[in-house]
Amino acid sequence: MDKHTFRERVDKIDIPDADVLQAIKIGVNRAKSAQILPSRKKGKIVTSLVIAASLLLTSSFVVPSFSHALADTPFIGDFYNSFNKMIGRNLEKQNLVTKLNQTATDRGIDVKINGAYYDGNVIGFNFNINGSVLKSSDERYYAKYKLFEGNPLINDSIEITEISKTKNGFSGNIQFYNFSKELSKDMDIPLSFIKIGEKEGQWDFNVPIQQIHATKFLVKNVKGKNEKENVSINVTSIMNGKASTAINYQVSYPINRNLQVHALEVSDENGKDIPMLSDGVIQKKEKNSTVTVERRIVIPQVLNETYSKILVKPFVLQNNTNEVDFSPVAINLEK
Amino acid sequence: MDDIQLVKLAKEGDANAFEQLLAKYSEQLYRTAYIYVGNREDALDVVQETAYQSFGSIGKLKNEAYFLTWLTRILINCANAVLKKRQIHESIDEVTLLVKENTNYIEVKEAVDQLQENYQTAIILFYYHDLSIKHIAKTMEIPENTVKTYLSRGRKHLKKLIEGGFTNGQTYIS
Chain X
8 MDKHTFRERV DKIDIPDADV LQAIKIGVNR AKSAQILPSR KKGKIVTSLV
58 IAASLLLTSS FVVPSFSHAL ADTPFIGDFY NSFNKMIGRN LEKQNLVTKL
108 NQTATDRGID VKINGAYYDG NVIGFNFNIN GSVLKSSDER YYAKYKLFEG
158 NPLINDSIEI TEISKTKNGF SGNIQFYNFS KELSKDMDIP LSFIKIGEKE
208 GQWDFNVPIQ QIHATKFLVK NVKGKNEKEN VSINVTSIMN GKASTAINYQ
258 VSYPINRNLQ VHALEVSDEN GKDIPMLSDG VIQKKEKNST VTVERRIVIP
308 QVLNETYSKI LVKPFVLQNN TNEVDFSPVA INLEK
Chain A
217 MDDIQLVKLA KEGDANAFEQ LLAKYSEQLY RTAYIYVGNR EDALDVVQET
267 AYQSFGSIGK LKNEAYFLTW LTRILINCAN AVLKKRQIHE SIDEVTLLVK
317 ENTNYIEVKE AVDQLQENYQ TAIILFYYHD LSIKHIAKTM EIPENTVKTY
367 LSRGRKHLKK LIEGGFTNGQ TYIS
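Taken in order, these protein sequences are the chains called X and A.
For what it's worth, my numbering labels the leading residue of the first sequence as 8, then goes sequentially.
For what it's worth, my numbering labels the leading residue of the second sequence as 217, then goes sequentially.
See below:
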């Protein structure tokens, strides 16, 4: 192969110009503001896991004050009536929810997908339902759906979401998180409702989504270790979406100590919890008797708009009972 | 303003001057990173890390004329760090992504990947960066004669790999 051919082929690599320039800018800014990280702050962070778990379990979880406040907001309140829909609500305010008009009818019930969003970290759909929908035994209304045809390899691919009665029918929202290693830019997401109220049926959609640009900051030297149990954490990058933040991190631990990594606990520099939406596994590898889990936590706010520094520590249990002690490590957030 | 003036300003802490310099070479930086890591996300990470490390250490650059050589060395180190990490975390997803992203380029990428690391770097610097043997020697911190050997062997094996001299699964061992 000659030099010309080699060069010609390499020149076929597309260049995402804006992203490359942004990567340069971020790198330079990181260097400008790079300071030696402050020494670790001692102290216990109250676990946010219980709250977070509740948020993840079902979209019917409602924080009363939020629910009330959002219900007063016209239109938006219909869709985003619970705490874990903050991202959708925030994006709606920024006009970043793509309007859609896809409909499907079965068993006398019409379902219409009105909008979709993908803020870089979180994907969501808004929908309306018209028709005769029966209450569940708990006096609430639910819709059951499948994403990606219910692929068992994908978390939460079959779920139930609560729908809200409106003047003209029902409205609802589905939100989920992308835990693939690389976040795709554009996708068509197969979505099927399979039960609405008490009626089983089939309402199929292919919902197009486009990622709103997220800014990625690589993180250096944010590491912590519990020497006794030989468990270490390494925060690798932070992705700022338009309404959320994702933190990518790795936890490594010995294979045979019956350790379980549950989540990352995030707090402000005074130790006050910052609630999260989701914390999941991207991939898990075992090598030389060590397990390394790559995980991503999603937080329903753009952290660097509010905080200049946060503290993190992994929530790790041994034998599912004893918490492995960690001193929080600090992350300076780039603007 | 020429590169040397911009480098001097950058050494004094002028971030805009440094950004201008990097922007000027952004295509080359990105494509070189891509040759190593094979996907867009990692290539952007390598560029970001290169910008971070290079601005943080530009004060150590003694001769402004060697800025690009020095920068390329940092970029290659950053790309190799990503590859090293990937050896632990290689996933099927990434391989799939690579194939989908740029099929025209996959043939070259696969061939370069199969070369020994030193041959790889010499080939990329010579073929893509148009660096002279002298500059490659400086970038890789090896004698010029060694560069010549790497290039000669690398070229031979690249040719064989692309023209089908090796059967599937067979890689070159020096």
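We treat Cβ as the ideally placed atom computed from N, Cα and C, and that holds for glycine.
*Tell me which same chain residues have a C-beta within less than 7 Å of the C-beta of residue 233(A), skipping the five on either side of it?*
222, 225, 226
*By Cβ distance, which residues of its chain are closer than 6 Å to residue 237(A), with the 5 residues on each side in sequence left out?*
222
*What's the gap between the Cα of residue 217(X) and the Cα of residue 124(X)?*
7 Å
*Kindly indicate which three-state DSSP category residue 267(A) falls into: helix, strand or coil?*
helix
*Under a three-way DSSP split, which group does residue 228(X) fall into?*
coil
*Tell me where the beta strand (DSSP E) around residue 130(X) begins and ends.*
129 to 137
*Using the Cα positions of residue 255(A) and residue 172(X), report the straight-line distance between them to the nearest angstrom.*
46 Å
_Under 9 Å from the C-beta of residue 370(A): neighbouring residues of chain X_ = Within 9 Å Cβ-Cβ: nothing; residue 370(A) doesn't reach chain X, min ~11 Å.
_Alpha-carbon spacing of residue 131(X) relative to residue 96(X), whole angstroms_ = 11 Å
_Cα-Cα separation, residue 176(X) to residue 247(X)_ = 35 Å
*asked:* Measuring straight from C-alpha to C-alpha, what distance separates residue 70(X) and residue 179(X)?
replied: At residue 70(X) the pLDDT is 28, less than 50, meaning the model places this residue with poor confidence; the figure from the coordinates comes in the next sentence. Their backbone Cα atoms lie some 17 Å apart in a straight line.
*Could you give the DSSP three-state label for residue 386(A): helix, strand or coil?*
Bear in mind that the predicted position of residue 386(A) carries a pLDDT of just 35, short of 50, making it unreliable; the figure below should be weighed with that in mind. Three-state DSSP puts residue 386(A) in coil, outside helix and strand.
_Cβ of residue 39(X) within 8 Å of any chain A Cβ_ = yes
*If you count every other CB in all the chains shown that lies within 10 Å of the CB of residue 181(X), and 16 or more means buried, which is it?*
buried
*Using a Cβ-Cβ cut-off of 6 Å (strictly less than) and excluding sequence neighbours within five positions of residue 349(X), which residues of its own chain qualify?*
Chain X is shown from 8 up to 342; residue 349(X) falls before or after that span and cannot be answered.
*Proximal chain A residues relative to residue 231(X), where beta-carbon distance stays under 7 Å*: Within 7 Å Cβ-Cβ: nothing; residue 231(X) doesn't reach chain A, min ~18 Å.
_From 108(X), 110(X), 126(X), residue whose alpha carbon lies closest to that of residue 99(X)_ = 126(X)
*Give the DSSP bridge partners of residue 121(X), in chain order.*
None; residue 121(X) has no bridge partner.
*Does any CB atom of chain X fall closer than 8 Å to the CB of residue 234(A)?*
yes
*Secondary structure at residue 270(X), three-state DSSP: helix, strand or coil?*
strand
*asked:* Beta-carbon within less than 6 Å of residue 14(X)'s beta-carbon, same chain only, minus the 5 sequence neighbours each way: which residues are those?
replied: none
_Host beta strand (DSSP E) of residue 291(X) (start-end)_ = 285 to 294
*Does DSSP classify residue 115(X) as helix, strand or coil?*
coil
*Could you check where the alpha helix (DSSP H) with residue 310(X) kicks off and where it finishes?*
310 to 313
*Taking residue 246(X) as part of the beta strand (DSSP E), name the residues at either end of that continuous run.*
238 to 247
*Is it the case that the Cβ atoms of residue 349(A) and residue 372(A) are separated by a distance below 8 Å?*
no
_Measuring straight from C-alpha to C-alpha, what distance separates residue 139(X) and residue 243(X)?_
49 Å
*Tell me whether residue 246(A) sits in a helix, a strand or coil according to DSSP, three-state version.*
helix
*asked:* Counting only beta-carbon separations shorter than 8 Å, does residue 272(A) have a partner in chain X?
replied: yes
*asked:* Quick check: what's the CA-CA separation for residue 297(A) versus residue 262(A)?
replied: 9 Å
*Compute the beta-carbon to beta-carbon distance between residue 267(A) and residue 31(X), rounded to the nearest angstrom, for a pair I have assumed lies under 8 Å.*
5 Å
*Can you tell which of 300(X), 296(X), 260(X), 241(X) has its C-alpha closest to the C-alpha of residue 235(X)?*
260(X)
*By DSSP, does residue 272(A) sit in helix, in strand, or in coil?*
helix
*Could you name the residues of the region 249 to 264 of chain A whose beta carbon sits closer than 8 Å to any beta carbon of chain X, in the order they occur along the chain?*
250, 251, 255, 256, 257, 260, 261, 263, 264
*chain A contact residues for residue 342(X), given Cβ-Cβ distances below 8 Å*: By Cβ distance, chain A contributes nothing, its closest Cβ being about 14 Å from residue 342(X), past 8 Å.
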